[in-house]
Structure formats: structure tokens, C-alpha cells
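*Asks:* Sharing a structure, written as C-alpha cells. Questions coming.
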Amino acid sequence: SANLNFPKRGNDIPNTKLFQLNIIEESVFIGCLVRPFIESFEETPMLVAVLTYMGYGILTIFGYFRDYLRHWKIEKCYIATEKEEQKDFVPLYQDFENFYTRNLYMRIRDNWNRPICSVPGAKMDLLERESHDYNWTFKYTGRVVQDVINLGSYNYLGFAENTGPCADSVAEVTMKYGVGVASTRQETGNLDRHEEMEKVVARFLGVESAMAFGMGFATNSMNIPALAGKGCLILSDELNHASLVLGARLSGSTIRVFKHNNMQSLEKLLSEAIVHGQPRTHRPWKKILIVVEGIYSMEGSIVRLPEVIALKKRYQAYLYLDEAHSIGALGPRGRGVVDYFGLDTSDVDVMMGTFTKSFGAAGGYIAGKRLIEYLRCNSHSAVYATSMSPPVVEQIITSMKCIMGEDGTTIGRDRVRQLADNTVYFRKRLREMGFITYGNNDSPVVPMMLYMPAKIGAFGREMLKRNIGVVVVGFPATPIIESRARFCISAAHTKDMLDRALSVISEVGDLLQLKYSRHRKLPSLLRHLDNDVYEDIDD
């Protein structure tokens, strides 16, 4: 499949945003299989964009006015500042950089860091809190908000649970090994369960070997510097996660950014790198590393992996694939974006993923061929980090075996199918209601656009009043006019839960006037398997 000449994005579709309703529908050819690649990015309505800029402008003006009041001690300021005797030193706190935090973020801070007092499954319990100083501090009321439908956790396959075979196995291992290891893998912290886990991960992915790390963020930020350095070129998608960005910067490599999922932009950078080489000397690059994600967690889009692999082979580059959100959540067998497109894992040089989402555990992995032994000796995360906790390791082993069917049941396979069905159903209903959603039809990460700053806090609060827990996201995590709510669908969600959540979303959407789409009802663009998914749709 890698030898096929995949169509360039620009030939048929000149831009990611297509007219006013931006639907990208292309056939990605893999052997004899043809599947539609459908992603929607409806353009921001002009009036909404103008009102959003006006909203931020008004907030900024009032922010400066309140800073003036704080300066003259008229309004109390809770923000961290230097002592008066330290005013001539280099400042520890950048006043202007904290402007957004103290004047905008603090006003809606109650939507984040909510304390959960139960398993973060399909439903959860929250500790109620209140603030009497505009969210600078919080006090607990002692009341528990129970049975909140959880649309925020990355619990894609529903393995965040305290009952069942995974929980039983974890409890048994905890009694045998304890919780902490108190050493690194290279010293006395290498347990037999660690060895077993890495074999299971390699078998699950279909690769030669794999290596696990205790933190997903550090898996990227500490391993990319071990794979690339001075004289190397890293080509990074503009929407890559902060851990990938940090890892690339720490490596000392030259970094060039290509437009999100745009193969024309990537090929242009590749061809320029081959033709011109390194700056000034024009020597060939020691290594060219393409860094992409499987599912982009803020956009809900899926990497155009067949085309990336074709370009990688054409220009003899290396490919680093971050499957933090896609592993377990995509593909007929839950093996990630490689499985989703039916590609060969040998075409991906470095496969990275995390255990924190689909597997209900913690940490991350790096997998590939002729790579792992090098990282064991050269990765800071491998040499200096404490070994993973045995209960966490056991959770990974048990959940992966469940997905592969090695536990003798079809539970894992059923959950993968249920997640796919829930995702298609939820996205389809949101579009029919008139909301603007971003991303791929098969992505369980579902961004729904809010745009205006005041609606970020209002949406989160109104949803929680109706016992629905959601995540709202704004600047600087997103472009300033593209604030959004991000729903994460789970296999643990039942149809009744999704219908209840959709009904509340529609109600709050009417209340806050969030149904911005100019196309309330779309033609069916779903794959053939969707015909059997929740056919009894009624508004």
C-alpha cells in the first residue's frame, strides 16, 4: 500500500475549509479496500467571529480598569507578586503575561479542577464547592453531586472501573508486590511484571519490541531528544501536543512546522530539506523525523497516515507516530490508527502511545524495531525515572489481553465496537441539532464550538446544573476565537446516557444560542456499518 500514489489534498480540495460547510470526503485506497475519510470543519460565521473579538476586547478593557483599581489598592489583588524590597531584582512574576490569568481565566476557573470522589467511569460523583471571592479560592460545601454523566474523561473503552477482571487482578498484584518499587529499571526496580507488560504491548501492536515509561508526557518529551539532535530536522504538525513540541525543542534539532494534516505543506518542507540541506553549510540532514499524532485531541481529526507514509518513503525520512488518543480507540481490533487504515506497523519507525486513556492506567510506551535497546541506555526517562507501579502495570496487562481476546471472552472486542457505534451516533445527532463540530466521523474526541468567551463558563456551569460533566477549552489552548467544549465518548456510555446528554446539550444550546451551523441536517455520509447503529433516531 505504501507504493501507491495517494491523492494530494490540494488536487481535489484546495483547503481544509471547503466553502461554508467544510466536509472533506476522500477515498483513501489501501490495497483493495476503499474507505471514506470524512472530516468536518465548518467555517466560523462572520457575525460570531466579530462578536467574539468584541467580547475579548471588552474583557481586556475591563481587565486594565481592574488592574488600575488594584494598583491603587481599591480592589484586592490575590495574584502572586514580588515583595516591595525585591522590586529592583529580575521579576519572578511577569505582570503582563499574567493579565489573561487574573482577569479572564479566574472569572471562569470554577469549570476546571473539579474534585471527583468516585471512579471516573460513565458516571461520576463530584464534591460541590463554592467561591465568595470570584474563584480565587474555593470552599467545599460538604455536598456530593452524584451520578454526573461523564463526557470529559478519556475513558474510551471503559476500563476506568473498580469492579471486574482488571480490578480483581490489580488487587491481587497489589497484595503481592505492593504499590511502590523505589528504584529504576536499571537498578533493582525491574519486576517480572514489567517484562511481561512490554511483551504484551509488543504483541498487541504487532511490533518487534516495546518499552514502557511511567508518564505519558515524559514519553514524548524525554525520548525525542534521544532520537534526534543537532544536525537533524524535525517536521512537526502545527497542532501537535505540547509534549511533542517540548521534546522537539529539547532535542536541539531544527524544527519546521507544516499545516495541520496538509500533505502539500509537508511535501514542500520535505523537498526543500532534501534540495537545500542544512542552513549555511547545505550539508544533508543527518536525519529527517516527521512527527504526527493519531487523533488530535483538540480538533478530533485523524492523521492522514497512508499519505504520510507514502511521503516518508518517497523522501527517505523517519516517522514518529503519537497514538495517545488513538490506541485502543480506533481500528476494528482497537490497535490504533495503523489498524484503522489497515497498514503495516513496520512502515512506522517509532510508535508511541499512552496507557492513560483507553487502558485506564498510567504511563506511555515506545515501540518499534531495532530501537528499544538503544533507548534503554540513552533515554533520560528510562535511566533516571522510577519504575512503574505494579498495580498500574497489571491494569495494562489485563486490559490489553482483554482487548486481544486472550482472556477467553469477547468483552474487549465488544467494547471497541461499542465505542465506534457511540461515536458515530453522538456526532450525527449533534450535527442534526445544528451544532458546529470538528473532526473525523470516527474520532471519539468531539469538539463542539462555543466561540464567545462568556459562553465558555456558562456552558460548563449549565451542563453541571443538569448533571452532565463536560470539559470546556479556550485560549491559549485553542485559537482565540475557537473556544469549544470537548466531549470524549466512551464504550461505557449507554444509549440512554447519550440520549440524556444530547437532550441536555440541545437545551443548553438553545439557552445560550450555540446552534451556529447553517446546515441543520446533513446527508448521510457515514460508512456502511453505521446503517445498523441506533436507527431509531428521533429529535
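Offset between the sequence shown (1-based) and the numbering used here: plus 594. For glycine and all other residues, C-beta sits at the position ideal for the given N, C-alpha and C.
#1: Got a sec? Which residues, its chain only, sit under 8 Å from I710 by beta carbon, not counting five neighbours each side?
#2: Quick one: complete beta strand (DSSP E) runs, 3+ long, within the stretch 644-731?
#3: Within the same chain, show all residues whose beta-carbon is closer than 6 Å to that of F683, passing over the 5 residues directly before and after it, in chain order.
#4: What span of residues does the beta strand (DSSP E) with T735 cover, start to end?
#5: Is there contact between the stretch 1091-1102 and the stretch 768-787, where contact requires at least three CB pairs shorter than 8 Å?
#6: Which term fits P1038, buried or exposed, when burial requires 16 or more other beta carbons within 10 angstroms of its beta carbon?
#7: With DSSP collapsed to three states, give me the class of F631.
#8: Suppose you measure from the CA of H1113 to the CA of R1011; what does that come to, to the nearest Å?
#9: Just reading off the alpha helix (DSSP H) that T768 is part of, what are its end residues?
#10: Look at the alpha carbon of C626 and the alpha carbon of D933, and state the distance between them as a whole number of angstroms.
#11: Identify, in the order they occur along the chain, each residue of the same chain with its Cβ nearer than 8 Å to the Cβ of L1024, setting aside the five sequence neighbours on each side.
#12: Along the beta strand (DSSP E) that carries S803, what are the first and last residues, could you check?
#13: How about S952 and L1092: do their beta carbons lie closer than 8 Å?
#14: By the DSSP assignment, the beta strand (DSSP E) with G958 in it spans what residues?
#15: Provide the residue span of the alpha helix (DSSP H) that contains L1058, from first to last.
#16: Between A923 and L1013, how many whole angstroms is the CB-CB distance? I'm expecting something under 8 Å.
#17: Since S1084 contacts N784 with CB under 8 Å, what's their CB separation in whole angstroms?
#18: Quick one: residues in its chain with C-beta nearer than 8 Å to the C-beta of R723, no 5 flanking neighbours on either side, listed in chain order?
#19: Spatial neighbours of K1109 within its chain, please: CB distance less than 7 Å, with the 5 preceding and 5 following residues excluded, ordered by chain position.
#20: Taking all protein chains shown into account, do 16 or more other C-beta atoms lie within 10 angstroms of the C-beta of T1003, making it buried, or fewer, making it exposed?
#21: Taking the beta carbon of L641 as the centre, do at least 16 other beta carbons fall within 10 Å, making it buried, or is it exposed?
#22: Can you give me the start and stop residues for the beta strand (DSSP E) that I966 sits inside?
#23: Is A1079 helix, strand or coil when you go by DSSP?
#24: I'd like to know if the stretch 747-765 and the stretch 960-970 are in contact, where contact means that at least 3 CB-CB pairs between them fall below 8 Å.
#25: Provide the residue span of the beta strand (DSSP E) that contains R850, from first to last.
#26: Suppose the cutoff is 6 Å on Cβ atoms and the five residues either side in sequence are ignored; what does the same chain contact list for N1016 look like?
#27: Where does D1008 fall in DSSP's three states?
#28: Tell me, please, which residues DSSP counts as bridged to D916.
#29: Pull up the distance between the alpha-carbon of D786 and that of A796, whole angstroms please.
#30: Applying the 10 Å Cβ sphere with the 16-neighbour rule, what's the burial state of E636?
#31: Which first and last residues belong to the beta strand (DSSP E) in which N756 is found?
#32: For D938, is the classification buried or exposed, using 16 other Cβ atoms within 10 angstroms of its Cβ as the cut-off for buried?
#33: Going by DSSP, name the residue or residues bridged to G922.
#34: Which stretch, first to last residue, makes up the beta strand (DSSP E) that contains V828?
#35: Would you mind stating whether L698 and P1073 have Cβ atoms separated by less than 8 Å?
#36: Mind checking who G1063 pairs with in its DSSP beta bridge?
*Replies:* Taking the definition as stated:
#1: M718, D719, L720 and L721.
#2: Here the runs fully enclosed are 717-724.
#3: The answer is none, since no qualifying residue turns up.
#4: Residue range K733 to N744 is occupied by the beta strand (DSSP E) that includes T735.
#5: Touching, no, given that fewer than three Cβ pairs across the two stretches are closer than 8 Å.
#6: Burial call: buried.
#7: In the three-state DSSP reduction, F631 falls in the strand class (E or B).
#8: When rounded, the distance between both Cα atoms is 29 Å.
#9: Unbroken alpha helix (DSSP H) run through T768: P759 to Y771.
#10: Because C626 carries a pLDDT of 35, less than 50, the predicted location of this residue cannot be relied on, and no value is offered for it.
#11: Its chain contains T1031, V1040, M1042, L1096 and I1099 as the residues whose beta carbon lies nearer than 8 Å to that of L1024, once the 5 sequence neighbours on both sides are disregarded; these appear in chain order.
#12: Start and end: S803 to F807.
#13: In this structure, S952 sits away from L1092, with a CB-CB distance that is not shorter than 8 Å.
#14: For G958, the enclosing beta strand (DSSP E) starts and ends at G958 to G962.
#15: Taken as a continuous stretch (DSSP letters only), the alpha helix (DSSP H) holding L1058 covers P1047 to K1059.
#16: 6 Å between Cβ atoms; contact.
#17: Separation of the CB atoms of S1084 and N784 is rounded to 34 Å, and the pair is thereby denied contact status at 8 Å.
#18: Only D704, R708, P709, F732, K733, Y734 and T735 meet the Cβ criterion.
#19: Beyond the five residues adjoining it in sequence on each side, K1109 comes within less than 7 Å, by CB distance, of M1027, G1028, F1029 and G1103 in the same chain, given in chain order.
#20: It is exposed - the Cβ of T1003 has fewer than 16 other Cβ atoms within 10 Å.
#21: Counting Cβ neighbours within 10 Å, L641 comes out exposed, since fewer than 16 surround it.
#22: In the DSSP annotation of this structure, I966 is not part of any beta strand (DSSP E); the continuous alpha helix (DSSP H) holding it starts and ends at I966 to N972.
#23: Strand at A1079.
#24: The stretch 747-765 vs the stretch 960-970: no contact.
#25: Taken as a continuous stretch (DSSP letters only), the beta strand (DSSP E) holding R850 covers T848 to F852.
#26: I1083 and H1087.
#27: Residue state, collapsed to three classes: helix.
#28: BP columns for D916 point to E887 and M946.
#29: Spanning the two alpha carbons is a distance of roughly 16 Å.
#30: When all chains shown are included, E636 counts as buried.
#31: Taken as a continuous stretch (DSSP letters only), N756 belongs to no beta strand (DSSP E), as it is neither H nor E.
#32: Exposed.
#33: Bridge partners of G922: none, in fact.
#34: The displayed chain sequence assigns Ile, not Val, to residue 828. Boundaries of the beta strand (DSSP E) harbouring I828: C826 to D831, taken from the DSSP string.
#35: The answer is no: Cβ separation not under 8 Å.
#36: DSSP output for G1063 lists N744 as bridge partner(s).
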